[in-house]
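Take a look at the structure set out below.
In my numbering, the protein residues as written are 4 to 264.
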């Protein structure tokens, strides 16, 4: 077993030649369980790390971890600029971690802990972030097309930048600040929570006048501020921020004019 660990540690160390500023301390003492290495361990991205193997901080700046695995890594601290496209991050513990300018496209990060994380310039193209915990995180992504934040904890987050056509079904935005974020074409439902949620200047208009923002059946009570709206919004069955029913506001359902300054 020790020989295997020493060999694995050697591969981990040599992998740093393929990335910038790769750091992992206490390599041998930090492992628990089995370490799985793919058949072609030519880059950090080919190393599969399972079962909460790492206790120390995980730093990998500008690394190529694409289609690898960070599943259940105990402590990721800084992955800024890294290629995480297609990476398995399910259950990743990354509290207070930085993912600035990282590519997380088509990654799987269900149930990951991203509390107080930093996501400036991050790419969330078709990323699955369902049930992830983002409490207190800061966002200004390049894009989040078709990204899923279903049932995610978005409490006390600050959202800026491009979230066009992302889906937030069942997400909790309590005490979140979405002011002036680009949320065009996004999706919400009756299980999405808004409580003391700042939407001042938030753009909920359709994308190119076509893609619809879905508030159907959503309870918007708790939204504060006047967002940017247009006719490309589905208000059917929604409860407006002032408590009125969208279906009773005008000839067609709407919450326009029923937001609370």
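For each residue, glycine too, the CB sits at the ideal point set by N, CA and C.
Quick check: residue 193 and residue 149, are their CB atoms within less than 8 Å of each other?
Sequence index remark: in the chain shown, residue 193 carries index 190 (1-based). Sequence index remark: in the chain shown, residue 149 carries index 146 (1-based). No.
Cutting at 6 Å between CB atoms, please list the residues of its own chain near residue 230, excluding the five before and the five after it.
Locating residue 230 in the chain shown gives position 227, where the first residue counts as 1. For residue 230, where only same-chain residues beyond five positions count, the Cβ hits under 6 Å are 202, 205, 207.
Mark residue 31 as exposed unless 16 or more other C-beta atoms lie within 10 angstroms of its C-beta, in which case mark it buried.
One-based indexing of the chain shown puts residue 31 at position 28. Annotation note: pLDDT 24 at residue 31 (below 50); position unreliable, coordinate value reported separately. The residue is exposed, with fewer than 16 neighbouring Cβ atoms inside 10 Å.
Burial state of residue 234, where buried means 16 or more other Cβ atoms lie within 10 Å
Here the question's residue 234 lines up with position 231 in the chain shown. The residue in question, residue 234, is exposed, as its Cβ has fewer than 16 Cβ neighbours within 10 Å.
So what does DSSP say about residue 250, is it helix, strand or coil?
Position 247 of the chain shown holds residue 250. DSSP places residue 250 in helix when its eight states are reduced to three.
Mapping DSSP to helix, strand and coil, what is residue 87?
Counting from 1 along the chain shown, the entry for residue 87 is found at position 84. Three-state DSSP puts residue 87 in coil, outside helix and strand.
By how many angstroms is the C-alpha of residue 226 removed from the C-alpha of residue 129?
In the chain shown, the residue the question calls residue 129 occupies position 126. In the chain shown, the residue the question calls residue 226 occupies position 223. The alpha-carbon atoms of residue 129 and residue 226 are separated by roughly 27 Å.
At the level of alpha carbons, what is the spacing between residue 196 and residue 249?
Within the chain shown, the letter at position 193 stands for residue 196. Within the chain shown, the letter at position 246 stands for residue 249. Cα to Cα, the separation comes out at about 17 Å.
C-beta atoms of residue 64 and residue 90 nearer than 8 Å:
Walking along the chain shown from the start, residue 64 turns up at place 61. Walking along the chain shown from the start, residue 90 turns up at place 87. Not a contact, by the Cβ cut-off of 8 Å.
Between the alpha carbons of residue 240 and residue 84, how many angstroms are there, rounded?
Mapped onto the chain shown, residue 240 falls at position 237. Mapped onto the chain shown, residue 84 falls at position 81. Using only the alpha carbons, I get a separation of about 42 Å.
Would you mind working out which of 118, 100, 181 sits nearest residue 228, comparing C-alpha positions?
On the chain shown, residue 228 is found 225 positions in, with the first residue counted as 1. Here the closest residue by C-alpha is 181.
Contacting residues, own chain, Cβ-Cβ under 6 Å from residue 145 (five flanking each side not counted)
The count along the chain shown starts at 1 and reaches residue 145 at position 142. Closer than 6 Å at Cβ, skipping near neighbours: 124, 126.
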